[in-house]
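In what follows, a single structure is set out as structure tokens and then discussed.
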Amino acid sequence: MRLDHVSYAAGPDGLKATAERLGKLLGTEIADGGVHPRFGTCNYILPLAGDTYLEVVGALEHPASDKAVFGQAVKARTALGGGWLGWVVAVSDLPSVETRLGREAKDGYRHRPDGHELIWKQIGISELANDPQLPYFIQWLSPAEDHPSAGASGDYALAALEIAGDPHRVSEWLGEPEDHPLDDVEVRWVAPHGTPGIVAVEFNTPNGCVRI
Numbered sequence: 001m002r003l004d005h006v007s008y009a010a011g012p013d014g015l016k017a018t019a020e021r022l023g024k025l026l027g028t029e030i031a032d033g034g035v036h037p038r039f040g041t042c043n044y045i046l047p048l049a050g051d052t053y054l055e056v057v058g059a060l061e062h063p064a065s066d067k068a069v070f071g072q073a074v075k076a077r078t079a080l081g082g083g084w085l086g087w088v089v090a091v092s093d094l095p096s097v098e099t100r101l102g103r104e105a106k107d108g109y110r111h112r113p114d115g116h117e118l119i120w121k122q123i124g125i126s127e128l129a130n131d132p133q134l135p136y137f138i139q140w141l142s143p144a145e146d147h148p149s150a151g152a153s154g155d156y157a158l159a160a161l162e163i164a165g166d167p168h169r170v171s172e173w174l175g176e177p178e179d180h181p182l183d184d185v186e187v188r189w190v191a192p193h194g195t196p197g198i199v200a201v202e203f204n205t206p207n208g209c210v211r212i
């Protein structure tokens, strides 16, 4: 199973300021990614090697952010000071996930600043909101060249996730082995009695490893 992206919720200082702060830590620019009209959110994007990317996301002052589960999750994390919101895995057989979870995936789309629309389907946001150690699932409908990782220089890559929680719970959720839930990124289980969710993410950069 492949990691698609990791999401970091904006802090009280706002989305742009949060993206600039993370960009300075990593030594690169995190660019405006556009708006999710259905979710009442907007994001900044850093393409990474291996078809992955970093998303910094914030809620808009719009009714959609109060109605959509994703918008609610972003607002709740921002209210706590911001930080890691969750992780997302890409799947090629979304119907099998729908069957396992007993419900249909939801449509998602984002308007980039250039007006181009990206489209996908996703499922598992409710579980992420209630239990942040669990990723949600995404299947992209846009062509590969439109994936947010497109244009990655190769100088920046996601190296490891540190997750507080129950490896067995996550393994059951993903249908993958506890010791190897992802094909391309190391997962370290830490703080088993801590608050579930991403504790930190390690990035490989031209200046060495950066842990955020």
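Heads up: the sequence shown begins at 1 in the UniProt record's numbering, then just goes up one per residue. Idealized CB from N, CA, C, for every residue including glycine.
* Could you tell me which residues DSSP puts in a beta bridge with Val56? => The count along the sequence shown starts at 1 and reaches residue 56 at position 56. Paired residues: Tyr8 and Tyr44.
* To do: Taking 7 Å as the cut-off, decide whether the C-beta atoms of Gly151 and Ala49 are in contact.
  => Within the sequence shown, residue 151 is the residue found at index 151, counting from 1. Within the sequence shown, residue 49 is the residue found at index 49, counting from 1. Not a contact, by the Cβ cut-off of 7 Å.
* Would you be able to state if there are at least three C-beta pairs under 8 Å between the segment 76-95 and the segment 129-147? => yes
* For Leu85, which residues does DSSP report across the bridge? -> Here residue 85 is taken as the residue at index 85 of the sequence shown, counted from 1. Leu85 is not bridged to any residue.
* If Ile163 and Val187 are in contact, beta carbons under 8 Å, what's the gap, nearest whole angstrom? -> Taking the sequence shown and counting its residues from 1, one reaches residue 163 at position 163. Taking the sequence shown and counting its residues from 1, one reaches residue 187 at position 187. Their Cβ separation, rounded to whole angstroms, is 6 Å, which keeps Ile163 and Val187 in contact under 8 Å.
* Residue closest to Asn43, alpha-carbon to alpha-carbon, out of Arg112, Val201 and Gly208 -> What you label residue 43 is simply residue 43 of the sequence shown in a count that begins at 1. Cα-wise, what sits closest to Asn43 is Arg112.
* Asked: Nearest-angstrom Cα distance between Leu3 and Asp183?
  -> Taking the first residue of the sequence shown as 1, we reach residue 3 at position 3. Taking the first residue of the sequence shown as 1, we reach residue 183 at position 183. Looking at the two C-alpha atoms, the distance is approximately 8 Å.
* Residues near Pro132 in its chain [Cβ-Cβ closer than 6 Å; skip 5 each side] -> For the purposes of this step, residue 132 is identified with residue 132 of the sequence shown, where counting begins at 1. Only Gly86, Pro196 and Gly197 meet the Cβ criterion.
* Figure out for me which residue from Trp173, Trp189 and Pro206 has the closest Cα to the Cα of Val199. => In the sequence shown, the residue the question calls residue 199 occupies position 199. With distances taken between Cα atoms, Val199 lies closest to Trp189.
* To do: Rounded to whole angstroms, what's the CA-CA distance from Tyr156 to Val6? Just pull it up for me.
  => In the sequence shown, residue 156 corresponds to position 156, counting from 1. In the sequence shown, residue 6 corresponds to position 6, counting from 1. Straight-line Cα distance between these residues: approximately 14 Å.
* Asked: Closest by CA to residue 216, which one among Gly81, Thr52, Ala129 and Pro167?
  -> Summary: the structure shown does not reach residue 216, with the chain confined to residues 1 through 212, and so no result is reported for it.
* Could you tell me how far apart the beta carbons of Leu26 and Thr205 are, in whole angstroms, since I believe they sit closer than 8 Å? => Along the sequence shown, one-based indexing puts residue 26 at 26. Along the sequence shown, one-based indexing puts residue 205 at 205. The Cβ separation is near 6 Å, so the contact holds.
* **7 Å CB neighbourhood of Tyr53 in its chain, flanking five on each side removed** => Here residue 53 refers to the residue found at position 53 of the sequence shown. Here the set comprises His5, Ile45, Leu46, Pro47, Pro148 and Ser149.
* Residues sharing a beta bridge with Gln133, DSSP -> The count along the sequence shown starts at 1 and reaches residue 133 at position 133. DSSP lists no partner for Gln133.
* From Gly23 to Ile30, what does the alpha carbon distance come to, in whole angstroms? -> Counting from 1 along the sequence shown, the entry for residue 23 is found at position 23. Counting from 1 along the sequence shown, the entry for residue 30 is found at position 30. Whole-angstrom Cα-Cα distance: 6 Å.
* Asked: How many angstroms separate the CA atom of Glu104 from the CA atom of Asp166?
  -> On the sequence shown, position 104 is the one that residue 104 refers to. On the sequence shown, position 166 is the one that residue 166 refers to. Using only the alpha carbons, I get a separation of about 26 Å.
* Is Pro135 near Val89, with beta carbons less than 7 Å apart? -> Here residue 135 corresponds to residue number 135 of the sequence shown, with the count starting at 1. Here residue 89 corresponds to residue number 89 of the sequence shown, with the count starting at 1. With respect to Val89, Pro135 sits close: the two C-beta atoms are nearer than 7 Å.
* Could you pull the start and end residues of the beta strand (DSSP E) that Phe203 belongs to? => Residue 203 sits at position 203 when you count from the first residue of the sequence shown. Counting along the chain, the unbroken beta strand (DSSP E) around Phe203 starts and ends at Gly197 to Thr205.
* Quick one, are the C-beta atoms of Ile123 and Val69 less than 7 Å apart? -> Indexing the sequence shown from 1 puts residue 123 at position 123. Indexing the sequence shown from 1 puts residue 69 at position 69. The answer is no: Cβ separation not under 7 Å.
* Where Ile125 falls: helix, strand or coil (DSSP) -> For the purposes of this step, residue 125 is taken as residue 125 along the sequence shown, with counting starting at 1. Looking at Ile125 - three-state DSSP - the assignment turns out to be helix.
* What residues in its chain sit with their C-beta under 6 Å from that of Trp173, if we drop five residues either side in the sequence? -> Mapped onto the sequence shown, residue 173 falls at position 173. Counting only Cβ-Cβ distances below 6 Å, and skipping sequence neighbours, we find Leu134.
* **C-beta contact flag for His36 and Arg110 at 7 Å** => In the sequence shown, residue 36 corresponds to position 36, counting from 1. In the sequence shown, residue 110 corresponds to position 110, counting from 1. Yes. Within cutoff.
* To do: Take His116 as the anchor and find which of Pro143, Leu101 and Asn130 has the nearest alpha-carbon.
  => The residue labelled residue 116 in the question sits at position 116 within the sequence shown. Answer by Cα proximity: Pro143.
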